[in-house]
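Inspection log for the structure reproduced underneath, given as structure tokens.
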Amino acid sequence: MKHLRTTLLFLLLCGSATAQDLNGYWYGSGNVANGGSSNNYMFELLLEQKGTTVKAIVNYYFKNAFRSFKLNGNYNSLSRTVTLFNLPVTYYNSPVNLEVDCPMDFVGQVRISRVGANIKGSFAAKGSYRNTCPPLYFDLKQNKDAGNRDSVLQAIAQFKEQRQYWTPGADDTLVAVNVQQRPVVNYVVSNEFTKRSSELVETIEVDADSVSVDFYDNGEIDGDSISVFYNQQLLTFNRLLSTRAIHFTVGLDPTRDYNEVSMFANNLGRYPPNTALMTVWDGRQRHEVRLSSNLEKNAMVRIRRKKPKPNP
């Protein structure tokens, strides 16, 4: 009898811990086995479990696309397996801007340890799609800070504002606006720019006389608006950041030791600070810089032309 009571107590405690740890926010990466270098997916999973029933919001980033779905599924407490049904997953070998979907089921096992919890498993194609859509393996970690908040959605947004998952490919830029390299006039923005301090984030060396510069929102698409200065001259103002690029092609001034690109925050969006991903492409190499600005300081990147190597 004592052994039976001990066993029942153990099972109750395990069930309670499992239910408590399953709900909340999970995030991580996924990859197709032998899919090459262009098959990295980034996933976010918001789970709500009641008994054996599971409701979920699945967000994922792939190449230059973001997709979000509401799904239903079930949870097996004995095997600690979560199953979500009918998720359209972009085929890893799809051409850019031509997404081909694979209908897949999410099957993952919850693992809990002293250092944290994770869900590990795969997306499995359905029916005849199994012949063309290989499994997509994932490992998701739990963000307890988001899961324990009263407003999980707000916690997720704030978490994403500080952490960038999706990174666009060098050839995968979707352009929201193409900015010409010529000064524009906005006296209010220009005057405020000079009043704020400028923080040097990084110095980049490039192997070209001109470069492509793109700005994206760094985390949650929350209404961040920026203005951009090049060598202290305003090029564009009040541009909203998103997953589509604010795009520039700028020539480097050979009379300067370096050229400066500065990001000015017009606002802070819903979740401060104002953050952006800046990419610089010189035709050979792409550089990525995470920028953060607020109403007191600008974020600045210096671009320097590499010195030619002397002839032997």
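Per mature numbering (1 follows the signal peptide of the UniProt record, and there is no 0), the sequence shown runs over residues -19 to -1, 1 to 293.
Glycine included, C-beta positions come from ideal geometry on N, C-alpha and C.
Given the structure is predicted, the values throughout are model-derived calculations rather than measurements.
Residues of its chain near residue i, where Cβ-Cβ distance is below 6 Å and the 5 sequence neighbours each way are ignored
i, result
"S75", "V81"
"E25", "Y8 and N40"
"L233", "D190, N240 and R286"
"Y56", "Q30, T33, V35 and V63"
"E183", "V270 and V282"
"S193", "T230 and W262"
"L221", "S206"
"V165", "L215"
"N20", "N12, V13 and Y73"
Residue range of the alpha helix (DSSP H) that includes residue i
i, result
"V194", "Counting along the chain, V194 falls outside any alpha helix (DSSP H), though it belongs to the beta strand (DSSP E) covering S191 to D198."
CB of residue i within 7 Å of CB of residue j, strictly
i, j, result
"R283", "Y239", "yes"
"F50", "Y22", "no"
"V70", "F104", "yes"
"S208", "N247", "yes"
"V96", "L3", "no"
"L117", "F87", "no"
"N275", "D205", "no"
"F218", "N167", "yes"
"N124", "Y6", "yes"
"Y197", "L258", "yes"
"I100", "L121", "yes"
"L215", "S171", "yes"
"L28", "A37", "yes"
"R265", "D188", "yes"
Simplified DSSP assignment, three categories, for residue i
i, result
"M281", "strand"
"S171", "helix"
"N53", "strand"
"R61", "coil"
"A(-3)", "Low confidence applies here, because A(-3) scores a pLDDT of 41, under 50, leaving its location unreliable and the question unanswered by this model."
"S274", "strand"
"L28", "strand"
"G108", "helix"
"L249", "coil"
"T113", "coil"
"R(-15)", "Confidence at R(-15) is low in this model, with a pLDDT of 45, below 50, so its placement is unreliable and no value can be given for it."
"T236", "coil"
"R225", "coil"
"R48", "strand"
"R265", "coil"
"V166", "coil"
Beta-carbon contacts of residue i that lie in its chain and below 7 Å, excluding the five residues immediately before and after
i, result
"A151", "Low local confidence applies: a pLDDT of 42 at A151 is under 50, so the model's placement there is unreliable, and no value is given."
"P289", "none"
"N186", "One detail in the question is off: residue 186 reads as Glu in this sequence, not Asn. So the list reads R285 and K287, once near-sequence residues are dropped."
"F174", "F210, F245 and N279"
"L181", "M281 and R283"
Bridge-paired residues (DSSP) for residue i
i, result
"F66", "Beta-bridge pairing links F66 to no other residue."
"V209", "T217 and M244"
"S10", "M23 and D120"
"T230", "S193"
"N99", "R92 and K122"
"G5", "L28"
Unbroken beta strand (DSSP E) run spanning residue i, endpoints
i, result
"R220", "Q214 to L221"
"T184", "S178 to V187"
"C83", "D82 to S94"
"V39", "T34 to F43"
"K288", "No beta strand (DSSP E) holds K288; DSSP gives it neither H nor E."
"T260", "N255 to W262"
Own chain, CB closer than 8 Å to residue i, minus 5 neighbours either side, in chain order
i, result
"C114", "V70, Y72, C83, M85 and A106"
"S60", "Q90"
"Y110", "C83, P84 and M85"
"E277", "R177 and S178"
The ligand MG heavy atom lying under 6 Å from the CB of residue i
i, result
"K44", "Ligands displayed in this structure: none; no statement on the ligand MG is therefore possible."
Residue i at chain C interface by Cβ criterion, 7 Å
i, result
"G89", "Absent here is chain C; the protein component of the structure consists of one chain."
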